[in-house]
Amino acid sequence: MVRFARCNALLSLAINASGKGCRYVAKGASDDDVVKDMMEHLTSVHQVELDMKANILASTKTHNG
Ligand SMILES: [Zn+2]
1 MVRFARCNAL LSLAINASGK GCRYVAKGAS DDDVVKDMME HLTSVHQVEL
51 DMKANILAST KTHNG
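Right under this line is the structure:
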């Protein structure tokens, strides 16, 4: 079971390192893994230092099949 969250679901106007709309998807086996992955992405690419954990969890979904 893979859990995932999309960057543009959290930061709808986010731009990636190339100046294009960010389509990053954080994935993990658990919610904690997804949060950790996304927090690293938000910090390194978007310089977001806020605690986005609740937002990430709210937009985390599960792949079915
Ligand atoms: Zn992003």
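Here the working numbering is used: the first residue of the sequence shown is 1, the next is one more, and so on.
Note that beta-carbon positions come from the ideal geometry of N, C-alpha and C, so glycine has one too.
Note to self: Per DSSP, what are the beta-bridge partners of Val-25 in this structure?
What the structure shows: BP columns for Val-25 point to Arg-6.
Item checked: Host alpha helix (DSSP H) of Asn-55 (start-end) -> 53-58 is the extent of the alpha helix (DSSP H) around Asn-55.
Checklist line | Residue span of the alpha helix (DSSP H) that contains Lys-36, given as start and end | finding: 31-46
Note to self: Less than 6 Å between C-beta atoms, sequence neighbours within five positions excluded: which residues of the same chain meet that for Val-48?
What the structure shows: Leu-42
Check: Cβ atoms of Ala-5 and Val-45: under 7 Å apart, would you say?
Finding: No, these two residues do not count as a Cβ contact at 7 Å.
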